[in-house]
Amino acid sequence: RVNDYAESLLADQISQIEGVAQVLVWGTQKYAVRVEIDPVQAAARGLTTSDVRSAIASAASTTPVGTLAGSERTLTIDPQAPPSNAAEYRPLVVAWRNGQAVRLDQIATVRDGVENERGAGWFLDTRAIVLAVQRQPDANTVAVVDRIREIIPSLQAQIPPSVSIQITNDRSQSIRDAIDDVTGHLMIAMGLVVAVIFVFLKDLRATIIPALTLPVSIIGTFAVMSLLGFSINNMTLLALTLCVGFVVDDAIVVLENIVRHVEKGMGVFQAALKGSAEIGFTIVSMTISLVAVFIPVLFMGGVVGRVFREFAVTISVAILISGFVSLTLTPMLCSRFLKPHQHERRPNLFSRAADFVVDGMATLYRISLDFVLRHQFMTLLVTFATLVYAIHLYIVVPKGFFPVEDTGFMFVRTEARSDIGFDAMAVNQRRVAEIVRADPAVAYFNSSIGGDQLNNGRMFVALKSRDEGRTENVQEVAARLRRAAAEVPGLKTFFNPVQNINIGGRQSNSQYQYTLQTADLDTLLAAVPDLLAAMSKLPQIQDVSSDLQITNPQLKIQVDEDRAAAIGVRSDQIRSALYDAFGTRQVGTIYTATDDYAIIVESRREEQDDPSILGRVFVKANDGSSVPLSAVTRVTREAGPLTVNRQSQQPSATISFNLAPGNALSDAVAAIEQATQETGIANSVTTGFSGTAQAFQEGLANQPILLLAAILTIYIVLGILYESFVHPITILAGLPSAGIGAIWALGWLEMDLSVIAVIGIVMLIGIVKKNAIMIVDVALDERREGAEPVAAVREACLRRFRPIMMTTFAAIFGALPIALGLGAGAELRQPLGVAVVGGLAVSQLVTLYITPVVWLYLERLSTMRRGRRAPTVAKPA
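Each position in the sequence shown, counted from 1, maps to that position plus 130 in this note's numbering.
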């Protein structure tokens, strides 16, 4: 009862904390009086379990008895309190036979016990009760955990010292670690970006100017996030880290254009005015088109849309603020802090080295550009080839949903044969617990068995942190434990890493689910074993299991209606007698000052292993005699389903599975769909993926739409800005090369094309076209001044080579800390960073040559169209 008080107190107090949705209890051991009836002894005294039940219920009655209300006084009647424990119930008189009292302890074993003796929980080797706290959907995990930790000391002081409170499985710790690591990545990215600017400009004053746009943009973004109610989480910090690489792009372009005029001898103030005016439209085009790429993400539905909505809004706000700062703050700072160009100043060693690298790249580019401009048709063929190859890569690349994160926790499920007893299951569970505890990577774990299915067990395993010496990731630890646990005979063990992003679905042994449902249960029972066997042979998946276990031994009891009616035994009497003997019927309640406790009636535990006990269970006949159930029933044995779940009001079965090492979810989905077709399941059976696998299928179907929508949105925005249908095509021509680079980088690191990586490719669409915008803008200006097309585009490429290289390297180094995959929760962020770095690295080499060639061909096409549209002027006679 001490444990009951502590459990009730903690559950009640914690459930009242702001942000807590509910408190689930595992392994509860609430006190109860258990009465185990000996049906033979009861029948020998002319009693049935129904008689015993009625006697106990009468003794436990707390019916109010009223008061004595006289003319001069009122007296409250206080009857004798009912028994409150097993010892007080043992002498209870159940009946009177042959002049003697039949007491309860003569026909039953009465003992102090717990309500559910077919359930148990442990913390390591110690019996424990586990309280699992679930937060509300809109609550902040870290804030909820902090509130709980604040009240734990006061709760510990209110409970007896024999009960200790141990905080385990703190999911907020992984969030805190991830935020700390992302914050560190943000600072590293800022440092790398500033270093890139300094290498190209070789001037500390000039470097500080675009560097100041970083804190201004980030602080402004925080302000907007606060207005929108956003929190600092993995997605928003990921957005801020990534935008570090390109929020400075606009400032770099403005600064570089101003510095170029200063290097030509123009005054600083005049250079600031002229340089910012020249580049103003380019900055607007770059900023608006980059924000436009995230518009489709904002309108995405499903879990992917909910996950990335804050990401898209945060990064869009940062870009808009940086564009505004670049056109206002940056020119002002340039006019105040830049120094006039001094030709006579001798450069230092760093400047000479930087000039050697930068000028060398520029020279190499000029030579290669001239070669490309002499072979334009070949370059055009390369452009079309990159488009075809990019589409081919997207089709064949393995695709996944969200990467598996290393949160430091695993959820383990154990499954034994369907007819296993509770004690045997407890022994098997302890064997697995010993294996888990012996693993050097495990810090602690909770374990429990019982519940709806006695053949299932659960464990929640916490791994040691990286600081404590763990070198393997959670998947490697799970694979090692899976091999060790396979040695436990008669038990299947399923290890699943706990993920921060979970998709709804029925609880199962593995991460992914495949569901069958039909209106006919027999058809379902016939289909599941064949498909389960086929899926178990697939090399792409492992840990295959079904929640429809059809080999559960059953005792089928058929009532002889004629014989039962002849002796006056009703069907409800038979069912009631069976439940008294083999159920856990609560027949009364003990009320105390702090809680209430159940009185439970059942047959003796040692007799429940023998099916012949049915012959020793009795019911009352019309003449008052006790009739054994065997006299009015027939018992047969057969196998049947342990449980049958329903979905959409139809019987259903869920087959769960995990991915085998080295396989993508797209490979597994294709293999399962083929196995379903080859198995020949009846047409009346509806099949389909559910939970995470279903969300993956929906997301996979939406990926091409997302990419095409992003491209179309940018095309429309650029078309409006340039008032042309042609120039946006030039600007978008280099996008396929970015997709090729992203997929190459992912394949090199053995990553599949996950949803995170697709978002990275969407970002690439916005980043890569910025280089083309800078080239096209200058080329159009040169054409307006009368330059020939080839000379115009050549001048544009050479003039914008330095800012293009600066912005590209800034974006690459800004995403590099994420691509390296360091820190807590890096598995979720890394594919995005890898896609951005790989895409930029390849597209940088390609777009510098593709863009001028495509522009030239489209410029010729435009010239031809303008020539055909020119009006014919009649010659004078």
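Every residue gets a Cβ at the ideal spot worked out from N, C-alpha and C, and that includes glycine.
VAL562 and VAL618 closer than 7 Å at C-beta: Position 432 of the sequence shown, counted from the first residue, corresponds to residue 562. Position 488 of the sequence shown, counted from the first residue, corresponds to residue 618. It is a contact, given that the beta carbons lie within the stated cut-off.
Can you tell me whether GLU918 is buried or exposed? The criterion is at least 16 other CB atoms within 10 Å of its CB, across all chains shown. Taking the first residue of the sequence shown as position 1, residue 918 is located at position 788. Exposed, since its Cβ has fewer than 16 Cβ neighbours within 10 Å.
Taking the alpha helix (DSSP H) that GLU915 falls in, what are its first and last residues? Numbered from its first residue, the sequence shown carries residue 915 at position 785. Where GLU915 is concerned, there is no enclosing alpha helix (DSSP H), given that its DSSP letter is neither H nor E.
With a CB to CB cut of under 6 Å and the five nearest residues on each side skipped, what residues in its chain are close to VAL427? On the sequence shown, residue 427 is found 297 positions in, with the first residue counted as 1. The answer, listed in chain order, is PHE438, ALA442.
According to DSSP, is ILE631 part of a helix, a strand, or is it coil? Taking the first residue of the sequence shown as 1, we reach residue 631 at position 501. DSSP places ILE631 in coil when its eight states are reduced to three.
Excluding the 5 residues preceding and the 5 following ALA571 in the sequence, name in chain order all residues of the same chain whose CB lies nearer than 7 Å to its CB. To locate residue 571, count along the sequence shown from 1; it is residue 441. Excluding positions up to five away in sequence, the list reads LEU593, LYS594, ARG600, GLU602, VAL607.
Buried or exposed for ASN364, please, with buried defined as at least 16 other CB atoms from any protein chain shown within 10 angstroms of its CB. On the sequence shown, residue 364 is found 234 positions in, with the first residue counted as 1. Classification of ASN364: buried, given that the 10 Å Cβ count is 16 or more.
Got a sec? Which residues, its chain only, sit under 8 Å from ALA887 by beta carbon, not counting five neighbours each side? To locate residue 887, count along the sequence shown from 1; it is residue 757. In the same chain as ALA887, and ignoring 5 residues on each side of it, the C-beta atoms closer than 8 Å to its own belong to ALA872, LEU876, MET881, PRO961, LEU962, VAL964, ALA965, in chain order.
Can you name the residues that DSSP bridges to ILE445? Against the sequence shown, residue 445 aligns to sequence position 315. Its beta-bridge partners do not exist; DSSP assigns none.
Could you tell me if LEU331 is buried or exposed, where buried requires 16 or more neighbouring beta carbons within 10 angstroms of its beta carbon? Here residue 331 refers to the residue found at position 201 of the sequence shown. Buried, because 16 or more other Cβ atoms sit within 10 Å of the Cβ of LEU331.
Contacts around LEU372, its chain only, beta-carbon distance under 8 Å, and the 5 residues preceding and following it disregarded: Translated into positions along the sequence shown, residue 372 becomes position 242. Excluding positions up to five away in sequence, the list reads ILE445, MET893, GLY944, ALA945, ILE948, LEU962, GLY963, VAL966.
How far does the alpha helix (DSSP H) with THR544 in it reach, from first residue to last? For the purposes of this step, residue 544 is taken as the residue at position 414 of the sequence shown. Careful: THR544 lies outside any alpha helix (DSSP H), inside the beta strand (DSSP E) at 539 to 546.
Can you give the Cα-Cα distance for GLY157 and ARG547, rounded to whole angstroms? Taking the first residue of the sequence shown as position 1, residue 157 is located at position 27. Taking the first residue of the sequence shown as position 1, residue 547 is located at position 417. Cα-Cα distance, rounded: 21 Å.
THR601 in three-state terms, based on DSSP: In the sequence shown, counting from the first residue as 1, residue 601 sits at position 471. Residue state, collapsed to three classes: coil.
Ordered along the chain, which non-local residues of its own chain (more than five positions away) have a Cβ less than 6 Å from that of GLN152? Looking up residue 152 in the sequence shown gives position 22. Within the same chain, GLN152 has close Cβ partners GLN264.
My output table needs one value for SER820: the three-state DSSP class, helix, strand or coil. For the purposes of this step, residue 820 is taken as the residue at position 690 of the sequence shown. In this structure, SER820 counts as strand in the three-state DSSP scheme.
Counting pairs of Cβ atoms below 8 Å between the region 970 to 977 and the region 855 to 869, do you hit three or more? yes
To the nearest angstrom, how far is the alpha carbon of GLN296 from that of VAL260? Mapped onto the sequence shown, residue 296 falls at position 166. Mapped onto the sequence shown, residue 260 falls at position 130. About 9 Å.
For VAL244, collect the residues of the same chain with a Cβ closer than 7 Å to its Cβ; drop the 5 residues on either side in sequence, then sort them by chain order. As a position in the sequence shown, residue 244 is number 114, starting the count at 1. The residues are GLN159, LYS160, TYR161, ALA162.
Leaving out the 5 sequence neighbours to the left and right, which residues in its chain are closer than 6 Å to GLN670 when beta-carbon positions are compared? Position 540 of the sequence shown, counted from the first residue, corresponds to residue 670. Excluding residues within five positions, the ones whose Cβ falls inside 6 Å are ALA790, ASN793, ASP797, ALA798, ALA801.
Return the CA-CA distance between TYR845 and GLY896, expressed in angstroms with no decimal places. Start at 1 with the first residue of the sequence shown, and residue 845 comes out as number 715. Start at 1 with the first residue of the sequence shown, and residue 896 comes out as number 766. Each residue's Cα considered, the two are about 11 Å apart.
Secondary structure of MET84, DSSP reduced to three states: Because the chain spans 131 through 1007 in this model, residue 84 falls outside it and cannot be assessed.
My output table needs one value for ALA250: the three-state DSSP class, helix, strand or coil. Along the sequence shown, read from residue 1 onward, the residue named residue 250 stands at position 120. Three-state result, ALA250: strand.
Have a look at THR843, VAL377, LYS622 and flag the residue whose alpha-carbon is nearest the alpha-carbon of SER347. Here the question's residue 347 lines up with position 217 in the sequence shown. Checking every option, the nearest Cα to that of SER347 belongs to VAL377.
Is the Cβ-Cβ distance between ARG241 and ALA216 less than 7 Å? What you label residue 241 is simply residue 111 of the sequence shown in a count that begins at 1. What you label residue 216 is simply residue 86 of the sequence shown in a count that begins at 1. Yes; because the gap between Cβ atoms is below 7 Å, this pair is in contact.
Taking all protein chains shown into account, decide if GLN779 is buried (16 or more other Cβ within 10 angstroms of its Cβ) or exposed. By one-based count along the sequence shown, residue 779 stands at place 649. Within 10 angstroms of the beta-carbon of GLN779 lie fewer than 16 other beta-carbons, which makes it exposed.
For ILE167, collect the residues of the same chain with a Cβ closer than 8 Å to its Cβ; drop the 5 residues on either side in sequence, then sort them by chain order. Counted from its first residue, the sequence shown places residue 167 at position 37. Hits under 8 Å: THR179, VAL182, ILE237, ALA238, ASP710, ALA711, VAL731, GLU732, SER733, ARG734.
Which class does PRO758 belong to by DSSP, given the choice of helix, strand or coil? Locating residue 758 in the sequence shown gives position 628, counting from the first residue. DSSP places PRO758 within a strand segment (E or B) once states are collapsed to three.
TRP252 to VAL374, Cα distance in whole Å? For the purposes of this step, residue 252 is taken as residue 122 along the sequence shown, with counting starting at 1. For the purposes of this step, residue 374 is taken as residue 244 along the sequence shown, with counting starting at 1. The straight-line gap from Cα to Cα measures roughly 48 Å.
Are the CB atoms of ALA128 and GLY718 nearer to each other than 7 Å? The chain is shown from 131 up to 1007; residue 128 falls before or after that span and cannot be answered.
For GLN143, which three-state DSSP category applies? The count along the sequence shown starts at 1 and reaches residue 143 at position 13. The answer is helix: DSSP assigns GLN143 an H, G or I state.
Assign LYS900 to buried or exposed, taking buried as 16 or more other Cβ atoms, counted over all protein chains shown, within 10 Å of its Cβ. The residue you call residue 900 lines up with position 770 of the sequence shown. So LYS900 ends up on the buried side.
Validate contact between the region 610 to 627 and the region 804 to 817 using beta carbons, cut 8 Å, 3 pairs: no
From this set, ALA448, PRO758, ASP268, ILE282, which residue's C-alpha is nearest ILE144's C-alpha? Residue numbering aside, residue 144 sits at position 14 when the sequence shown is read from its first letter. The shortest C-alpha separation from ILE144 is found at ILE282.
May I ask you to verify whether the region 417 to 425 touches the region 326 to 344, counting CB pairs closer than 8 Å and requiring at least 3? Segments in contact, no.
Beta-carbon proximity list for ARG277, same chain, < 6 Å, skipping 5 on both sides: Stepping through the sequence shown from its first residue, residue 277 is reached at position 147. Setting aside the 5 residues that flank it on each side, ARG277 is surrounded in the same chain by ILE147, each with a C-beta closer than 6 Å to its C-beta; the list follows chain order.
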